[in-house]
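Below is one structure, written out as structure tokens; the observations come after it.
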Amino acid sequence: MATVAYPDDLLVEGERVAWHAHPHWATQLRPAAVFPVTAAVVGFASAALRLQTWAPLAWAVLGLAGLVVVLRGTVLPLARWRATHIVVTDRRLMVREGLVSRQGLDVPVDRVTSVRVRATPFGRMVGSGTLIVDTGDGEPMRFRDVGRVERVQARLHREISRASARQRNETGTAGAVPERSAS
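One point on numbering: in full-length UniProt numbering, the residue at position 177 of the sequence shown is 177, and numbering is uninterrupted.
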């Protein structure tokens with residue numbers, strides 16, 4: 001089922017979530033490294049400047065610079081990652097991203113013509129890749145850093161099959177004339 005909770009009020013009535021996640025955790029390795037590296041650099045520079053008469057001013061500047069680097073290099077990417085959702089429902093593929101202003105993309109599963117996967121050697125090791133969705137309306141859509149990308153592809157194919165079966169059932173029974181019983 002869903003790996004992370006997704007707000008039900010964003011779904012239409014009767015729609016069910018088949019898969020939901022944020023981009024793969026490996027996208028946060030670099031932001032996670034920014035904090036300890038920044039702390040080490042600021043600490044080393046503070047110690048090197050400790051005997052200077054202007055050291056208190058330098059410490060304030062170093063602290064402020066370190067704070068800005070950590071906010072931009074660690075906190076902001078983590079918040080962006082947390083605010084990005086990739087969702088497959090029984091009716092559509094949805095992508096929502098953005099902190100202050102939100103952007104969304106909805107692709108009805110019955111419009112998807114092909115789903116491909118691409119993974120680098122590192123992506124294969126950590127279990128992530130690029131999901132390539134083609135709707136036949138031009139350039140395929142690429143979703144990078146999708147965790148368990150093969151499973152997402154399989155779930156998307158399953159929902160596409162279910163949607164086409166639903167569509168066949170609706171069109172098959174819509175034109176049929178009901179049988180009358182002989183009285």
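We treat Cβ as the ideally placed atom computed from N, Cα and C, and that holds for glycine.
Straight-line CA distance for residue i to residue j?
i    : j    : result
S128 : N169 : 36 Å
G14  : V112 : 21 Å
V146 : F44  : 38 Å
G123 : R102 : 27 Å
W19  : V133 : 16 Å
V12  : R91  : 9 Å
E97  : Q153 : 20 Å
A26  : M125 : 11 Å
S46  : V68  : 16 Å
R158 : D137 : 21 Å
V95  : T53  : 54 Å
V42  : R50  : 12 Å
S164 : T171 : 10 Å
Does the separation of the CB atoms of residue i and residue j fall below 9 Å?
i    : j    : result
V88  : V109 : yes
H22  : T84  : yes
R148 : T130 : no
L93  : L156 : yes
G66  : A48  : no
Between the options, which has its C-alpha nearest residue i's C-alpha?
i    : options                  : result
A33  : V75, T120 and V107       : V75
V115 : G104, L99, E139 and V100 : E139
V70  : G104, V37 and T135       : V37
I86  : F35, S161, A163 and H24  : H24
R80  : P31, R142, P56 and D106  : P31
Report the three-state DSSP secondary structure of residue i (helix, strand or coil).
i    : result
E139 : coil
D134 : strand
W54  : coil
H24  : coil
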